[in-house]
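Down below is the structure, laid out as structure tokens.
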Amino acid sequence: MVILAGYKWLEVVPGRRGGRPTVKGTRITVDDILEALANGWSIEEISENYKIPVEAIHEALRYALETIRKVEVISIEATSR
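Heads up, my numbering is the position in the sequence shown plus 8, with the first residue counted as 1.
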């Protein structure tokens, strides 16, 4: 298991869900939570349907935000031939 510093509810277990971060003790990934939100589920519905605490959902959202902020966008100009 890989410890994610600053995250109480998330863990990375090699071989589980492709090594993506999951809610501790489950196979629910951060991207599962994001997909549910994108499909219109409320935080309460995610908590009830996946049997995970609301705090874990908030932490997954924070993880996603921090991950996105690390992405550097590089502009590539098109060249004509």
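Beta carbons are placed, not taken as given, at the ideal position from N, Cα and C, and that holds for glycine.
Residue i in three-state terms, based on DSSP
| i | result |
| --- | --- |
| L18 | strand |
| V38 | helix |
| V81 | coil |
| N57 | helix |
| T87 | coil |
CB contact check: residue i to chain B, cutoff 7 Å
| i | result |
| --- | --- |
| V62 | Of the protein chains in this structure there is only one, and it is not chain B. |
Residues that residue i bridges to, as DSSP identifies them
| i | result |
| --- | --- |
| T30 | E19, T37 |
| V10 | V20 |
Residues of its chain near residue i, where Cβ-Cβ distance is below 7 Å and the 5 sequence neighbours each way are ignored
| i | result |
| --- | --- |
| D39 | R28 |
C-beta atoms of residue i and residue j nearer than 7 Å
| i | j | result |
| --- | --- | --- |
| E19 | K32 | yes |
| E67 | Y15 | yes |
Beta-carbon contacts of residue i that lie in its chain and below 8 Å, excluding the five residues immediately before and after
| i | result |
| --- | --- |
| R35 | R24, R25 |
| V62 | I51, E52, S55 |
Cβ separation of residue i and residue j, assumed to be a contact under 8 Å, to the nearest whole Å
| i | j | result |
| --- | --- | --- |
| A17 | A64 | Residue 17 is actually Trp in this sequence, not Ala. So it is a contact: roughly 4 Å between Cβ atoms. |
Spatial neighbours of residue i in its chain, beta-carbon cut-off 6 Å, leaving aside the 5 residues before and after
| i | result |
| --- | --- |
| V21 | M9 |
| R70 | none |
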